[in-house]
Amino acid sequence: AQKVTQAQTEISVVEKEDVTLDCVYETRDTTYYLFWYKQPPSGELVFLIRRNSFDEQNEISGRYSWNFQKSTSSFNFTITASQVVDSAVYFCALSENTGGFKTIFGAGTRLFVKA
Amino acid sequence: EPEVTQTPSHQVTQMGQEVILRCVPISNHLYFYWYRQILGQKVEFLVSFYNNEISEKSEIFDDQFSVERPDGSNFTLKIRSTKLEDSAMYFCASVTGASGANVLTFGAGSRLTVL
Chain V
1 AQKVTQAQTE ISVVEKEDVT LDCVYETRDT TYYLFWYKQP PSGELVFLIR
51 RNSFDEQNEI SGRYSWNFQK STSSFNFTIT ASQVVDSAVY FCALSENTGG
101 FKTIFGAGTR LFVKA
Chain D
1 EPEVTQTPSH QVTQMGQEVI LRCVPISNHL YFYWYRQILG QKVEFLVSFY
51 NNEISEKSEI FDDQFSVERP DGSNFTLKIR STKLEDSAMY FCASVTGASG
101 ANVLTFGAGS RLTVL
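These protein sequence lines are chains V and D, in that order.
Note that the numbering used here has the first sequence beginning at 1, numbered continuously upward.
Note that the numbering used here has the second sequence beginning at 1, numbered continuously upward.
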């Protein structure tokens with residue numbers, strides 16, 4: 001069964017600090033996909049990144065970077081030099097390539113970035 | 001950029017009333033989803049829909065819930081007899097096809113308040 005665990009409920013940082021959001025997943029499938037979504041205070045769900053299970057290469061996009069490690073079933077997200085606009089809830093999610101192709105979300109981590 | 005449209009944005013109803021939430025997925029998308037987010041909580045999968053039938057549903061999606069695609073554009077979620085605990089934000093999402101790799105494109109959500 002699919003499961004995504006985001007152990008950090010809330011994180012508070014001061015602007016320009018780096019912050020890492022943790023994500024641990026469980027799946028029995030060998031083919032699966034991991035995602036991060038952002039939910040700003042306005043409420044919409046915004047896609048950030050997708051990784052597939054065969055590609056453990058880490059990715060950097062501007063101030064955002066993602067560390068995928070199959071050995072520890074983790075897909076962590078780091079924001080470098082955080083800004084107030086990064087304040088949001090961040091969801092890690094997992095989908096398998098079977099069944100209804102549903103995406104299962106973690107409980108989310110609420111990030112507060114203070115000026 | 002194509003988007004998923006949801007109506008109404010907010011609906012207030014009395015307990016026991018029927019509610020229909022409407023979604024217009026992206027026109028060339030084939031797989032449709034409903035998710036629910038109780039205030040401040042995780043995004044929960046309700047149902048996936050493909051080729052005019054339910055592909056997968058969660059344990060939340062009991063007999064009080066139904067979905068249909070009454071015409072070529074709309075995708076609806078009906079709650080037959082609302083309960084207080086149905087109060088939540090309901091998100092519709094669509095993807096291009098049958099694959100776990102697909103990125104969900106979410107609508108802005110419909111907030112349901114049951115009094």
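Virtual Cβ for every residue (Gly too), placed ideally from N, Cα, C.
As the structure is a prediction and not an experimental result, all values here were calculated from the model.
Residue interval of the beta strand (DSSP E) (run including D/His29) | Counting along the chain, D/His29 falls outside any beta strand (DSSP E), and DSSP gives it neither H nor E.
Short CB-CB distance (under 8 Å) between D/Leu104 and chain V = yes
Flag this pair as yes or no: are the beta carbons of V/Thr81 and V/Asp18 separated by less than 8 Å?
-> The sequence as given places Ala at residue 81 of chain V; Thr does not occur at that position. It is a contact, given that the beta carbons lie within the stated cut-off.
Which of the three DSSP states, helix, strand or coil, is assigned to D/Leu84?
-> helix
Would you verify that the beta carbon of D/Glu56 is, or is not, closer than 8 Å to some beta carbon of chain V?
-> Cβ-Cβ to chain V under 8 Å: yes for D/Glu56.
Can you list, in chain order, the residues of the stretch 75-89 of chain D whose Cβ is nearer than 9 Å to any Cβ on chain V?
-> Met89
May I ask you to report which of helix, strand or coil DSSP gives D/Lys42?
-> In the structure shown, the three-state DSSP call for D/Lys42 is coil.
Could you spell out the range, first to last residue, of the beta strand (DSSP E) harbouring V/Arg51?
-> Val46 to Asn52
Simplified DSSP assignment, three categories, for V/Lys85 | In the sequence under discussion, the amino acid at residue 85 of chain V is Val, which differs from the Lys named in the question. Correct three-state label for V/Val85: helix.
Indicate whether D/Tyr90 and D/Leu39 have their beta-carbon atoms separated by less than 8 Å.
-> No, Cβ-Cβ distance for D/Tyr90 and D/Leu39 is not below 8 Å.
Secondary structure, beta strand (DSSP E): runs of 3+ residues fully inside the stretch 5-36 of chain V | Fully enclosed beta strand (DSSP E) runs of 3 or longer: 10-14, 19-21 and 24-26.
Rounded to whole angstroms, how far is the Cβ of D/Ala98 from the Cβ of D/Tyr31, which I believe are closer than 8 Å?
-> Your pair D/Ala98 and D/Tyr31 checks out as a contact, with CB atoms roughly 6 Å apart and the cut at 8 Å.
Which residues mark the beginning and the end of the beta strand (DSSP E) in which D/Ile79 is found?
-> Phe75 to Ile79
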